[in-house]
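Report on the structure given below.
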Amino acid sequence: MNKSSQIKVRVAPSPTGLLHVGTAQSAVFNYLFARKNGGEFHVRIEDTDEERSTKEFEKDILAGFEWLGIRPDGQIRRSSDNKQNYRKFLEQLLESGHAFWCGHSKEELEDENKRQIENKEAPRHVCGHRDEERKEGQVIRLKTDSSSTREIVFNDLIRGEVRFRESLLGDISIARNLDSPLYHFAVVIDDIELGATHILRGEDHISNTPKHILIYEALGRPAPTYAHLPLLLAPDRSKLSKRHGIVSLNEYKKDYLSDAVLNYLAAISHSYDKDVLSSEELIEGFDISKVHKSGAVFDIKKLNWLNSQYVKMLTPDELRAATKISEIPDAAVALITERLEKLSEAGEYDYLWREPEYDKSLLIWKDSSVDAVLKSLKETKELIESFNYEDGKERFRKVLDSLSEKTGDRGLVYWPLRVALSGKQKSPDPVDIAFVIGKEKTLERIDSALRK
Ligand code: GLU
Numbered sequence: 000m001n002k003s004s005q006i007k008v009r010v011a012p013s014p015t016g017l018l019h020v021g022t023a024q025s026a027v028f029n030y031l032f033a034r035k036n037g038g039e040f041h042v043r044i045e046d047t048d049e050e051r052s053t054k055e056f057e058k059d060i061l062a063g064f065e066w067l068g069i070r071p072d073g074q075i076r077r078s079s080d081n082k083q084n085y086r087k088f089l090e091q092l093l094e095s096g097h098a099f100w101c102g103h104s105k106e107e108l109e110d111e112n113k114r115q116i117e118n119k120e121a122p123r124h125v126c127g128h129r130d131e132e133r134k135e136g137q138v139i140r141l142k143t144d145s146s147s148t149r150e151i152v153f154n155d156l157i158r159g160e161v162r163f164r165e166s167l168l169g170d171i172s173i174a175r176n177l178d179s180p181l182y183h184f185a186v187v188i189d190d191i192e193l194g195a196t197h198i199l200r201g202e203d204h205i206s207n208t209p210k211h212i213l214i215y216e217a218l219g220r221p222a223p224t225y226a227h228l229p230l231l232l233a234p235d236r237s238k239l240s241k242r243h244g245i246v247s248l249n250e251y252k253k254d255y256l257s258d259a260v261l262n263y264l265a266a267i268s269h270s271y272d273k274d275v276l277s278s279e280e281l282i283e284g285f286d287i288s289k290v291h292k293s294g295a296v297f298d299i300k301k302l303n304w305l306n307s308q309y310v311k312m313l314t315p316d317e318l319r320a321a322t323k324i325s326e327i328p329d330a331a332v333a334l335i336t337e338r339l340e341k342l343s344e345a346g347e348y349d350y351l352w353r354e355p356e357y358d359k360s361l362l363i364w365k366d367s368s369v370d371a372v373l374k375s376l377k378e379t380k381e382l383i384e385s386f387n388y389e390d391g392k393e394r395f396r397k398v399l400d401s402l403s404e405k406t407g408d409r410g411l412v413y414w415p416l417r418v419a420l421s422g423k424q425k426s427p428d429p430v431d432i433a434f435v436i437g438k439e440k441t442l443e444r445i446d447s448a449l450r451k
C-alpha cells in the first residue's frame, strides 16, 4: 500500500475521567483494524474541555493502553496542540459564509427548546439572527438548511447505509470563540490534521456523524469512512456505567492478565472461530465486517474463564510476577494455576508456602469426638512417617484410603488432614498439598494440629 492510501485510525479519549472499558474496547478495535490492514494506529487525547481535563486522567488512559499492549504509532497527540488550526479553519468557515456568530440569547434558545419538546420535534436551533454584528457571549455555528429535503448518507462499515435528514440537525454550534472549539469542530479538525482515513468509534456517536460530515463539506474536504462500534452494555442493556461495577480499566489489573482482557475486549463483539486468541491471532482474524451490530452485555464470568485459561499458561516466574507473590514455590504453581480465576485470589493458597493459622475447632469432622480426631491424625502421621514420597501420590492416596476403610469414615481421615495442612474448610485435595509442601512440612503441620 502506498503512503497516500495508507489506513490511519485513532482513538480519541477525553481525559475527563479514568479509562472506561468501553473506550479501551474502541482502542482495541482501532488497533486491530490498523494492524490487520498495515495501517497506523494513533492515540489522541481530546482535551478540548479544559476545565474537566486533567493530566492524571490522561496518564491513567495511556497506562491502560500500554498495559493492554496496544502501542500507538508515532507520538501521543493532544487536541490542545492543534489550536492554530482551529482558528484558521474557523476563520475560513466564517469568511466563506458556512459559519456565523449566533446572535440568540440564552432565553430565546430555551424557549425554542421548550417549544420543540412540546411539539415533539427534534431539539435543534435554527438561527434567525445569522447576519447580525458580532456580540459578546456568542457562539459560532455552522449553517444548515432547515428546509432542505436532503438526506446525509454514509456507508458505515459495520451498519451499512445510514441516513439522517439534514433538516433535523439545526445550526450546529462548533465553537465558543475562535480559540475554543466545541467537540464537533475540534474532532473534525484534529482528524484532518492527523489524516485519519477511518473513524471507528462507539455507536453513541452515530448521531454526531452527519454533523461532522457537514463540517467536512463546508471545509471542502472529503470525510473519512465511518464504522460505529457496538457498546459494552450492563445486564439491563443500558450503557455500562459505574453503578454496574468496575468500569475503569486499570482496576482490572489486580485480577486479570492483560492478554486475557485484550482477548476479551476484542472477541466479545467480534466473531472469531475460537475463544482463546493470542494478540497475533486477534489481528490475523480481525475483519471489520465481523464486528457485531448490537452491543454486548459485559459478561464477567466469560472474562473470569478466559483469564483462567491464560493463568494456566503462566510459568512459575510469570505467576509470581502477576500475583506479586514472590514466595510461591515452583511445586505449588500447577496447583494454583489450575484453579485460579482472579489473580488476587492467589493469596488464598498461602498455606502452600506458609504455616496456616486456624482455630482448632475447625479440625473436628462433623459430630466426631475430639478423641476420634486425635486418633485419626496420629494414625495418619504414622502412615506418612513410614511412607516414601517417591512412591507417588496414587500410592499415598491408597494408604490413606485403607485407613479410611479401617475407621469406616473417610471424612474422619481426610477432613482433619485437610485442615492441618491448609487451615481451610475448602482446599485442593490434601494429598496434593502434602506433595507440594513435602514430607517434613506435612508432618510438622500434623504435629502442630495435634498440639492444638
Ligand atoms: N472523545 C470522544 C469520546 O471519548 C471520542 C470521539 C471520537 O472518537 O470521535 O467518546
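For the record, in the sequence shown the residue sitting at position 203 is 202 according to numbering that gives the first Met the number 0, with numbers rising by one throughout. We put the CB at the ideal spot given by N, CA and C, even for glycine.
Own chain, CB closer than 6 angstroms to residue i, minus 5 neighbours either side, in chain order
{"i": "P455", "result": "With the chain running from 0 to 451 in the structure shown, residue 455 is simply not present."}
{"i": "S247", "result": "L17"}
{"i": "K289", "result": "H269 and S270"}
{"i": "M0", "result": "Because M0 sits at a pLDDT of 45, beneath the cut-off of 50, its placement in the model cannot be relied upon, and the point is left open."}
{"i": "T208", "result": "Y225"}
{"i": "F28", "result": "L199 and L228"}
According to DSSP, residues forming a beta bridge with residue i
{"i": "K238", "result": "L232"}
{"i": "H19", "result": "S247"}
{"i": "S146", "result": "In DSSP, S146 forms no bridge with anything."}
{"i": "Y225", "result": "I198"}
{"i": "H183", "result": "In DSSP, H183 forms no bridge with anything."}
{"i": "V269", "result": "A quick correction: the sequence has His, not Val, at residue 269. For H269, which the question treats as bridged, DSSP gives the partners V290."}
{"i": "V296", "result": "L232"}
Status (buried if at least 16 other CB within 10 Å, exposed otherwise) for residue i
{"i": "A121", "result": "exposed"}
{"i": "R242", "result": "exposed"}
{"i": "E389", "result": "exposed"}
{"i": "H269", "result": "buried"}
{"i": "N262", "result": "buried"}
{"i": "E279", "result": "exposed"}
{"i": "Y111", "result": "Residue identity differs from the one stated: residue 111 is Glu in this sequence, not Tyr. It is buried - the Cβ of E111 has at least 16 other Cβ atoms within 10 Å."}
{"i": "N154", "result": "exposed"}
{"i": "S499", "result": "Outside the shown range of the chain, which is 0 to 451, sits residue 499, and nothing can be said about it."}
{"i": "T441", "result": "buried"}
{"i": "G73", "result": "exposed"}
{"i": "N81", "result": "buried"}
{"i": "R236", "result": "exposed"}
{"i": "D400", "result": "exposed"}
Of the listed residues the options, nearest to residue i (C-alpha basis)
{"i": "E71", "options": "G102, E94 and G38", "result": "It should be noted that the sequence gives Pro, not Glu, for residue 71. Ranking G102, E94 and G38 by Cα distance to P71 puts G38 first."}
{"i": "E495", "options": "W100, I116, L156 and V27", "result": "Only positions 0 to 451 of the chain appear in this structure, which leaves residue 495 out of reach."}
{"i": "T143", "options": "E165, K253 and P355", "result": "E165"}
{"i": "K252", "options": "E90, L342, V138 and K7", "result": "L342"}
{"i": "N306", "options": "L276, S146, S288 and Y348", "result": "L276"}
{"i": "R133", "options": "S104, R123 and D235", "result": "S104"}
{"i": "I205", "options": "R162, E216, R236 and D189", "result": "R162"}
{"i": "R417", "options": "I191, R175, L361 and F395", "result": "L361"}
{"i": "G453", "options": "S25, T406 and G437", "result": "Because the chain in this structure spans residues 0 to 451, residue 453 falls outside the shown range and cannot be described."}
{"i": "R76", "options": "V310, H41, P221 and F434", "result": "H41"}
{"i": "K451", "options": "I191, D358 and K405", "result": "D358"}
{"i": "I69", "options": "A26, D254 and N81", "result": "A26"}
{"i": "K238", "options": "V296, L168 and R123", "result": "V296"}
{"i": "D370", "options": "R394, R396, R353 and L411", "result": "L411"}
{"i": "L167", "options": "E160, R149 and L156", "result": "R149"}
{"i": "S421", "options": "R409, S403 and R444", "result": "R444"}
{"i": "L256", "options": "D272, L218 and Y309", "result": "Y309"}
{"i": "R86", "options": "L156, R175, K35 and F386", "result": "R175"}
{"i": "L177", "options": "E135, S147, A217 and E160", "result": "E135"}
{"i": "R129", "options": "A98, A11 and L218", "result": "A98"}
{"i": "A233", "options": "I245, L89 and R34", "result": "I245"}
Endpoints, the beta strand (DSSP E) within which residue i is located
{"i": "I139", "result": "V138 to L141"}
{"i": "R164", "result": "G159 to R164"}
{"i": "M306", "result": "The sequence given here places Asn at residue 306; Met does not occur at that position. Looking at the DSSP string, N306 is not in any beta strand (DSSP E); the run it does join, the alpha helix (DSSP H), is I299 to K311."}
{"i": "K41", "result": "Strictly speaking, residue 41 in this sequence is His, with Lys absent from that position. First-last of the beta strand (DSSP E) with H41: E39 to I44."}
{"i": "V8", "result": "K7 to V10"}
{"i": "D155", "result": "E150 to D155"}
Neighbourhood of residue i by C-beta distance below 7 angstroms, restricted to the same chain and skipping five residues each side
{"i": "T53", "result": "P14"}
{"i": "R158", "result": "H227 and K292"}
{"i": "T47", "result": "S78, P180, Y182 and A185"}
{"i": "L31", "result": "A265, L281, I282 and F285"}
{"i": "V125", "result": "S145, G169 and D170"}
Contacting residues, own chain, Cβ-Cβ under 8 angstroms from residue i (five flanking each side not counted)
{"i": "A345", "result": "L318, T322, I324, I327, I335 and L339"}
{"i": "N249", "result": "L17, L18, D59, A62, G63 and W66"}
{"i": "L449", "result": "L373, L376, K377 and K380"}
{"i": "K2", "result": "Any reading at K2 is ruled out, since the residue's pLDDT is 49, under 50, leaving its predicted position unreliable."}
{"i": "D298", "result": "I267"}
Span of the alpha helix (DSSP H) around residue i
{"i": "I212", "result": "T208 to L218"}
{"i": "H197", "result": "Counting along the chain, H197 falls outside any alpha helix (DSSP H), though it belongs to the beta strand (DSSP E) covering H197 to G201."}
{"i": "W66", "result": "K54 to L67"}
{"i": "S257", "result": "S257 to A266"}
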